[in-house]
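J.:
Numbering (the working numbering), first residue to last: 3 to 323.
Here is the structure:
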């Protein structure tokens with residue numbers, strides 16, 4: 003019976019062995035069964051250990067390479083950062099520039115298109131100069147007043163220009179000619195429009211000429227003289243009658259030709275006006291009705307050179323006031 007019971011229990015034991023191949027121990031009845039070890043043949047013995055060791059070494063090498071690569075990249079980054087800081091701190095070398103700060107302390111203190119220059123705009127230049135391609139250049143015909151211009155030119159908007167642009171730029175009795183100079187309106191009758199005659203440099207309607215006293219003719223002088231000629235005295239005698247018969251005052255204007263300095267000619271024109279005034283006073287004209295002014299060479303009746311022109315400009319004119 004024991005043999006039979008033992009025999010009956012063996013299949014169960016076999017099943018227990020087959021069902022516990024996982025290596026865990028399991029009790030069945032009073033006996034303990036251990037998992038059977040797995041035996042590798044001679045051909046496979048040791049291969050698993052070698053593969054594991056190779057894998058571990060490869061992993062360690064990869065970690066070392068990773069650490070080396072990361073370190074090198076970090077050093078390269080630091081080097082590039084230091085180089086960029088150094089370049090930005092030093093800046094370009096004069097006269098090269100990026101901003102005005104790179105030109106500070108130099109004569110050319112303004113950065114223009116990458117180069118330190120004298121100027122970048124007109125306000126960087128002194129008065130009378132303008133900025134041209136980074137350099138201050140003097141402005142042609144620049145002026146502040148008429149005295150800065152040559153000849154009879156006048157200063158307009160800080161530029162020297164012609165004496166006149168229109169008749170409004172000229173004094174009474176003068177007109178602006180095509181050459182930009184103020185001149186008397188006429189010299190001869192043909193300079194005037196129809197029904198006008200030329201009297202003392204002015205075009206007068208013929209109807210007005212019927213009055214001999216309407217326009218007092220000018221008197222002329224010899225070169226560098228203020229003494230009255232015989233012709234001048236005769237004309238002044240006629241003028242004195244006209245003046246005494248009217249209540250209007252008269253202004254006597256002294257003129258000279260262009261020879262001599264402006265200062266000398268102003269004084270000479272004044273002496274000529276005084277000679278005419280004193281002679282009229284001697285003829286009975288009240289002194290307080292006569293005023294004087296000298297224009298020197300400023301108002302020629304005719305432009306040009308030669309005695310035929312100069313003799314016309316040496317004169318005194320008489321203007322009713």
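Ideal placement from N, C-alpha and C gives every residue a C-beta, glycine not left out.
1. State buried or exposed for residue 223, treating a residue as buried only when at least 16 other CB atoms are found within 10 Å of its CB.
2. Locate the beta strand (DSSP E) running through residue 184, then write down its first and last residues.
3. Just confirm the distance between the C-beta atoms of residue 291 and residue 245, as a whole number of angstroms; I'd bet it's less than 8 Å.
4. Suppose the cutoff is 7 Å on Cβ atoms and the five residues either side in sequence are ignored; what does the same chain contact list for residue 133 look like?
5. State the Cα-Cα distance for the pair residue 207 and residue 195, rounded to the nearest angstrom.
6. Going by C-alpha distance, which of 283, 171, 299 and 80 is nearest residue 153?
7. Work out the CA separation of residue 260 and residue 297 for me, nearest whole Å.
8. Would you check if the distance between the CB atom of residue 253 and the CB atom of residue 221 is smaller than 8 Å?
9. Using a Cβ-Cβ cutoff of less than 7 Å, which residues in the same chain neighbour residue 110 once the five nearest sequence positions on both sides are dropped?
10. Taking all protein chains shown into account, do 16 or more other C-beta atoms lie within 10 angstroms of the C-beta of residue 80, making it buried, or fewer, making it exposed?
11. Looking only at DSSP bridge pairs, what is residue 118 linked to?
12. Report buried or exposed for residue 316, applying the criterion of at least 16 other Cβ atoms within 10 angstroms of its Cβ.
13. Provide the residue span of the alpha helix (DSSP H) that contains residue 275, from first to last.
14. Per DSSP, what kind of secondary structure is residue 320 in: helix, strand or coil?
15. Which class does residue 287 belong to by DSSP, given the choice of helix, strand or coil?
16. With DSSP as the reference, label residue 304 as helix, strand or coil.
17. By the DSSP assignment, the alpha helix (DSSP H) with residue 242 in it spans what residues?
18. Report the residue from 144, 74, 115 and 219 whose alpha carbon sits nearest the alpha carbon of residue 162.
19. Just reading off the alpha helix (DSSP H) that residue 311 is part of, what are its end residues?
20. Run the CB neighbour count on residue 3, radius 10 Å, all protein chains shown included, and call it buried at 16 or more, exposed below.
21. Candidates 171, 323 and 319: which alpha carbon is nearest residue 201's?
22. I'd like to check one pair, residue 230 with residue 305: are the Cβ atoms closer than 8 Å?
23. Taking DSSP as the reference, what is the three-state secondary structure of residue 216?
24. Would you report the Cα separation of residue 149 and residue 166, rounded to the nearest angstrom?
25. Tell me the rounded alpha-carbon separation between residue 180 and residue 187.
26. Give the DSSP-derived three-state secondary structure of residue 149 in the structure shown.
27. If you follow the beta strand (DSSP E) that residue 161 is part of, which residue opens it and which one closes it?
T.: So, from the data block:
1. Locating residue 223 in the chain shown gives position 221, where the first residue counts as 1. By the neighbour-count rule (16 or more Cβ atoms within 10 Å), residue 223 is buried.
2. The count along the chain shown starts at 1 and reaches residue 184 at position 182. From DSSP, the beta strand (DSSP E) with residue 184 extends over 184-186.
3. Indexing the chain shown from 1 puts residue 291 at position 289. Indexing the chain shown from 1 puts residue 245 at position 243. Contact holds; Cβ gap of about 7 Å.
4. Residue 133 sits at position 131 when you count from the first residue of the chain shown. If we look at residue 133 and ignore the five residues flanking it on each side, its Cβ neighbours are 121, 122, 123, 124, 126 and 127.
5. Numbered from its first residue, the chain shown carries residue 207 at position 205. Numbered from its first residue, the chain shown carries residue 195 at position 193. Each residue's Cα considered, the two are about 9 Å apart.
6. The sequence position of residue 153 within the chain shown is 151, counting from 1. Closest in C-alpha terms to residue 153, from the list 283, 171, 299 and 80, comes 299.
7. As a first step, residue 297 is located in the chain shown; it is residue number 295 there, counting from the start. As a first step, residue 260 is located in the chain shown; it is residue number 258 there, counting from the start. So the two alpha carbons sit approximately 11 Å from each other.
8. Working through the chain shown from its first residue, we reach residue 253 at position 251. Working through the chain shown from its first residue, we reach residue 221 at position 219. In this structure, residue 253 lies away from residue 221, with their beta-carbon atoms at least 8 Å apart.
9. The residue given as residue 110 occupies position 108 in the chain shown. Taken in chain order, the residues that qualify are 97, 118, 119 and 120.
10. Position 78 of the chain shown, counted from the first residue, corresponds to residue 80. That one is exposed.
11. Along the chain shown, read from residue 1 onward, the residue named residue 118 stands at position 116. DSSP output for residue 118 lists 113 as bridge partner(s).
12. If you number the chain shown from 1, residue 316 lands on position 314. Answer is buried; the Cβ neighbour count reaches 16.
13. One-based indexing of the chain shown puts residue 275 at position 273. Here the alpha helix (DSSP H) through residue 275 covers 264-284.
14. The sequence position of residue 320 within the chain shown is 318, counting from 1. Correct three-state label for residue 320: strand.
15. Looking up residue 287 in the chain shown gives position 285. Here residue 287 sits in coil by DSSP.
16. Here the question's residue 304 lines up with position 302 in the chain shown. Note: residue 304 maps to coil in three-state DSSP.
17. Along the chain shown, one-based indexing puts residue 242 at 240. Its alpha helix (DSSP H) spans residues 232-246.
18. Here residue 162 refers to the residue found at position 160 when the chain shown is read from its first residue. The residue with the shortest Cα to Cα distance from residue 162 is 144.
19. Mapped onto the chain shown, residue 311 falls at position 309. Segment 309-315, the alpha helix (DSSP H) holding residue 311.
20. As a working mapping, residue 3 is identified with position 1 in the chain shown. With a pLDDT of 44 at residue 3, under the threshold of 50, the modelled position of this residue cannot be trusted; read the value that follows with caution. When all chains shown are included, residue 3 counts as exposed.
21. Within the chain shown, numbered from 1, the residue matching residue 201 stands at position 199. The shortest Cα separation from residue 201 among 171, 323 and 319 belongs to 319.
22. One-based indexing of the chain shown puts residue 305 at position 303. One-based indexing of the chain shown puts residue 230 at position 228. One thing to note: residue 305 has its Cβ no nearer than 8 Å to the Cβ of residue 230.
23. Residue mapping note: residue 216 aligns to position 214 of the chain shown, counting from 1. Coil.
24. For the purposes of this step, residue 149 is identified with residue 147 of the chain shown, where counting begins at 1. For the purposes of this step, residue 166 is identified with residue 164 of the chain shown, where counting begins at 1. Their Cα atoms are separated by approximately 15 Å.
25. As a first step, residue 180 must be located in the chain shown, where it is residue number 178. As a first step, residue 187 must be located in the chain shown, where it is residue number 185. So the alpha carbons of these two residues sit roughly 12 Å apart.
26. Position 147 of the chain shown, counted from the first residue, corresponds to residue 149. The answer is helix: DSSP assigns residue 149 an H, G or I state.
27. Mapped onto the chain shown, residue 161 falls at position 159. Looking at the DSSP string, the run of the beta strand (DSSP E) that includes residue 161 is 161-163.
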